[in-house]
Amino acid sequence: MKVSYFNHYGYDDETYKDCADLIRTNNWNHVLFNNTWFSFNCFLYLIFSVMGLFNVDRSKFLFYLTFVILSVLFDVYLLVFRKSAEKFSAYVIYFDIILLMAYSILSSTAQPYMAAVIFPVLLVLVALSYIDKMVRMSVVLIAYAIVFLMSSYSQKAISIAYSDTYNVIIVMTLALALHYVFQRTRMNQFILFQNNQRIRQELEVKSSFDALTSLLNRGRFFSAADESIRLSDKNEFMVVCLLDLDEFKKVNDTLGHQMGDKVIQTAAHTLLNTLQIDLSEKWSYIERALSEKTSLCGRLGGDEFIALVRGVKNKDEATVLMQKMLSDLNNVELDGLNGLNGIHASFGATVLVKGDDIDSAYRRADEALYESKRSGKNQVHFN
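Numbering (this note's numbering), first residue to last: 1109 to 1491.
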């Protein structure tokens, strides 16, 4: 097995990087759990030392208090600055390891007539908890064990130090093996999760977006627009706008359906640009539009489009925006249009009022669109 594969628990570097966000979240969760448990443990020993229970030495009060304070402050950092803790995941887990290592070594040397108990437990806990790099984790755990054994030989009777050495060798072998196997299994779970997530995203995109234009399809637009209206502030100004390409049948009849498709695609792209809609991550587009209160745009079918326009303060601003849409369409230049002057379109719009849903607003916008067609086409008309 190549070193890089071994280092990434049996996977290549690309796969490991692809799972980086999940690894960071996993490490944050485990650091929080381990440190909270550690805080509680130190707090109990602090109480025992004050009350003289379970033969806990009262002279160790400051020792336990110090670790209680450090672990509580660490917990506060993890919870209050979670993004920072996840971003610097490697530093966080190694700080946690140092905290546990210092505690276990000092606890062991404080009882020189007993073989260490806490150290082997924490060694296995660390091995099972954190994903980093196999080589680096191995070096850290081995260094952890060497420091522990040095303190054991310097503070304890030789027979007890020998016992600690035997226990550490057995536990270290087990810890490293468990670390590799356990984290390889976890990596496999991350990969399966991401594959399933990609499949869900692809299904979401296919079921929500029009294949030709990448705009929302009719059904998804209406449901998303209805949700936007329902979640909007009562005083928010919004407009529903319908537009229909003028003389589109002529384009299909004279230039063919392929050119007709190109005109529809270009019109859709122009609308997205004018409304400043970002479709770089389609699977999260609706969620982002709802949370950021941005406009929605969809294709009703054929050469008909619909938009829920947000971010304008009044009818005048909405009219200026739609006139810009119309101007941008009129100024489009397409190879093969044989003299046809840009893309012409009729707009019908209506301002949403209190108690409106998307269906009632759509009916009024449709009436405005009919009026725009009747009045000479290639213009904007408000109901």
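Think of the CB as a built atom: it goes at the ideal place given N, C-alpha and C, for glycine as much as any other residue.
Legend entry - Which residues DSSP lists as bridging residue 1454, in chain order: For the purposes of this step, residue 1454 is taken as residue 346 along the sequence shown, with counting starting at 1. Paired residue(s): 1352.
Inset, instruction - Output yes or no for whether 8 Å exceeds the beta carbon distance between residue 1158 and residue 1232. - result: Translated into positions along the sequence shown, residue 1158 becomes position 50. Translated into positions along the sequence shown, residue 1232 becomes position 124. No.
Inset, instruction - Over the uninterrupted beta strand (DSSP E) stretch that includes residue 1414, give me the two end residues. - result: Walking along the sequence shown from the start, residue 1414 turns up at place 306. From DSSP, the beta strand (DSSP E) with residue 1414 extends over 1412–1417.
Legend entry - Cα-Cα separation, residue 1210 to residue 1230: On the sequence shown, position 102 is the one that residue 1210 refers to. On the sequence shown, position 122 is the one that residue 1230 refers to. Cα-Cα distance, rounded: 11 Å.
Inset, instruction - Kindly indicate which residue of 1261, 1143, 1386, 1148 has the alpha-carbon position closest to the one of residue 1221. - result: Walking along the sequence shown from the start, residue 1221 turns up at place 113. Nearest C-alpha to residue 1221: 1261.
Legend entry - Per-residue burial, residue 1365 [other beta carbons within 10 Å of its own, 16 or more giving buried]: Here residue 1365 refers to the residue found at position 257 when the sequence shown is read from its first residue. Exposed, because fewer than 16 other Cβ atoms sit within 10 Å of the Cβ of residue 1365.
Inset, instruction - Please report the residue range of the alpha helix (DSSP H) in which residue 1404 lies. - result: Residue numbering aside, residue 1404 sits at position 296 when the sequence shown is read from its first letter. Unbroken run through residue 1404 is the beta strand (DSSP E), 1404–1409; no alpha helix (DSSP H).
Inset, instruction - My understanding is that residue 1477 touches residue 1405, with C-beta atoms under 8 Å, so please give their C-beta distance in whole angstroms. - result: In the sequence shown, counting from the first residue as 1, residue 1477 sits at position 369. In the sequence shown, counting from the first residue as 1, residue 1405 sits at position 297. In fact, because the Cβ distance is near 16 Å, the residues do not count as touching under 8 Å.
Legend entry - Contacting residues, own chain, Cβ-Cβ under 7 Å from residue 1114 (five flanking each side not counted): Here residue 1114 refers to the residue found at position 6 when the sequence shown is read from its first residue. Hits under 7 Å: 1242.
Inset, instruction - Whole angstroms is fine: what's the gap from residue 1492's alpha carbon to residue 1128's? - result: Because the chain in this structure spans residues 1109 to 1491, residue 1492 falls outside the shown range and cannot be described.
Legend entry - The alpha helix (DSSP H) enclosing residue 1243, as first and last residue numbers: Here residue 1243 refers to the residue found at position 135 when the sequence shown is read from its first residue. Start and end: 1242–1263.
Inset, instruction - Report the residue from 1320, 1344, 1247, 1425 whose alpha carbon sits nearest the alpha carbon of residue 1383. - result: On the sequence shown, position 275 is the one that residue 1383 refers to. Ranking the options by Cα distance to residue 1383, first place goes to 1425.
Inset, instruction - Jot down the residue ranges of each uninterrupted beta strand (DSSP E) in the segment 1327–1397, minimum 3 residues, whole runs only, in chain order. - result: 1347–1353
Legend entry - Beta-carbon contacts of residue 1333 that lie in its chain and below 7 Å, excluding the five residues immediately before and after: As a working note, residue 1333 is residue 225 in the sequence shown. If we look at residue 1333 and ignore the five residues flanking it on each side, its Cβ neighbours are 1404, 1416, 1466.
Inset, instruction - Compare the beta carbon distance of residue 1407 and residue 1321 with 8 Å and say whether it is the shorter of the two. - result: Walking along the sequence shown from the start, residue 1407 turns up at place 299. Walking along the sequence shown from the start, residue 1321 turns up at place 213. In contact: residue 1407 and residue 1321 (Cβ atoms closer than 8 Å).
Inset, instruction - Whole angstroms is fine: what's the gap from residue 1226's alpha carbon to residue 1289's? - result: Locating residue 1226 in the sequence shown gives position 118, counting from the first residue. Locating residue 1289 in the sequence shown gives position 181, counting from the first residue. Each residue's Cα considered, the two are about 23 Å apart.
Inset, instruction - At 4 residues or longer, and completely inside the segment 1190–1225: list those alpha helix (DSSP H) runs for me, N to C. - result: 1190–1195, 1197–1217
Inset, instruction - Kindly list the residues whose CB is nearer than 6 Å to the CB of residue 1468, restricted to its own chain and excluding five residues on each side of it in sequence; keep chain order. - result: As a working mapping, residue 1468 is identified with position 360 in the sequence shown. Same-chain partners within the cutoff: there are none.
Inset, instruction - Measure the C-alpha to C-alpha separation of residue 1390 and residue 1311 and round it to an integer number of angstroms. - result: Translated into the one-based positions of the sequence shown, residue 1390 becomes position 282. Translated into the one-based positions of the sequence shown, residue 1311 becomes position 203. Distance between the alpha carbons of residue 1390 and residue 1311: 11 Å.
Inset, instruction - Within its chain, find whatever has a CB closer than 6 Å to the CB of residue 1360; leave out the 5 residues flanking it on each side and keep chain order. - result: On the sequence shown, residue 1360 is found 252 positions in, with the first residue counted as 1. These residues qualify, in order along the chain: 1368.
Legend entry - Beta-carbon proximity check, residue 1437 vs residue 1376, cutoff 8 Å: The residue labelled residue 1437 in the question sits at position 329 within the sequence shown. The residue labelled residue 1376 in the question sits at position 268 within the sequence shown. No. Outside cutoff.
Inset, instruction - Consult DSSP for residue 1116 and reduce its assignment to one of helix, strand or coil. - result: Translated into positions along the sequence shown, residue 1116 becomes position 8. Here residue 1116 sits in coil by DSSP.
Inset, instruction - Starting from the C-beta of residue 1335, find all residues in its chain whose C-beta is less than 7 Å away, skip the five residues before and the five after it, and write them out in chain order. - result: What you label residue 1335 is simply residue 227 of the sequence shown in a count that begins at 1. Cβ-Cβ distances below 7 Å link residue 1335 to 1398 in the same chain, with the five nearest sequence neighbours on each side left out; the list follows chain order.
Legend entry - Counted within 10 angstroms of its Cβ, other Cβ atoms place residue 1142 as buried (16 or more) or exposed: For the purposes of this step, residue 1142 is taken as residue 34 along the sequence shown, with counting starting at 1. Taking all protein chains shown into account, residue 1142 has 16 or more neighbouring C-beta atoms within 10 Å of its C-beta and is therefore buried.
Inset, instruction - Could you check the C-alpha separation between residue 1472 and residue 1402 for me, to the nearest Å? - result: In the sequence shown, residue 1472 corresponds to position 364, counting from 1. In the sequence shown, residue 1402 corresponds to position 294, counting from 1. The alpha-carbon atoms of residue 1472 and residue 1402 are separated by roughly 22 Å.
Legend entry - Residue closest to residue 1206, alpha-carbon to alpha-carbon, out of 1137, 1486, 1252, 1218: As a working note, residue 1206 is residue 98 in the sequence shown. Selected option, being the one with the closest Cα: 1252.
Inset, instruction - Answer with buried or exposed for residue 1258, where buried requires no fewer than 16 other C-beta atoms within 10 angstroms of its C-beta. - result: For the purposes of this step, residue 1258 is identified with residue 150 of the sequence shown, where counting begins at 1. With fewer than 16 other Cβ atoms within 10 Å, it is exposed.
Legend entry - Nonlocal neighbours in the same chain, by C-beta distance under 6 Å from residue 1487, ignoring five residues either side: The residue you call residue 1487 lines up with position 379 of the sequence shown. Take residue 1487, set aside five residues on each side of it, and the residues of its chain with a beta-carbon closer than 6 Å to its own are 1480, in chain order.
Inset, instruction - Could you tell me which residues DSSP puts in a beta bridge with residue 1324? - result: Counting from 1 along the sequence shown, the entry for residue 1324 is found at position 216. BP columns for residue 1324 point to 1317, 1406.
Inset, instruction - Confirm, please, whether the CB-CB distance from residue 1442 to residue 1348 is below 8 Å. - result: Along the sequence shown, one-based indexing puts residue 1348 at 240. Along the sequence shown, one-based indexing puts residue 1442 at 334. Note that the C-beta distance between residue 1348 and residue 1442 is not below 8 Å.
Legend entry - Near the ligand ZN: residue 1131 beta-carbon under 7 Å from a heavy atom: With respect to small molecules bound, the structure shown includes none, and the ligand ZN cannot be examined in it.
Inset, instruction - In angstroms with no decimal places, state the Cα-to-Cα distance between residue 1245 and residue 1176. - result: Position 137 of the sequence shown holds residue 1245. Position 68 of the sequence shown holds residue 1176. Rounded to the nearest angstrom, the two C-alpha atoms are 26 Å apart.
Legend entry - Range covered by the beta strand (DSSP E) that runs through residue 1488: Within the sequence shown, the letter at position 380 stands for residue 1488. Per DSSP, residue 1488 belongs to the beta strand (DSSP E) from 1488–1490.
Inset, instruction - Would you grab the beta carbon distance between residue 1144 and residue 1194 for me? Rounded to a whole angstrom, and I think it's under 8 Å. - result: Numbered from 1 along the sequence shown, position 36 holds the residue referred to as residue 1144. Numbered from 1 along the sequence shown, position 86 holds the residue referred to as residue 1194. Residue 1144 to residue 1194, Cβ: 17 Å. No contact.
Inset, instruction - Return yes when the Cβ of residue 1224 is within less than 8 Å of the Cβ of residue 1272, no when it is not. - result: Within the sequence shown, residue 1272 is the residue found at index 164, counting from 1. Within the sequence shown, residue 1224 is the residue found at index 116, counting from 1. Going by C-beta atoms, residue 1272 is nearer than 8 Å to residue 1224.
Legend entry - Span of the alpha helix (DSSP H) around residue 1482: Taking the first residue of the sequence shown as 1, we reach residue 1482 at position 374. First-last of the alpha helix (DSSP H) with residue 1482: 1466–1482.
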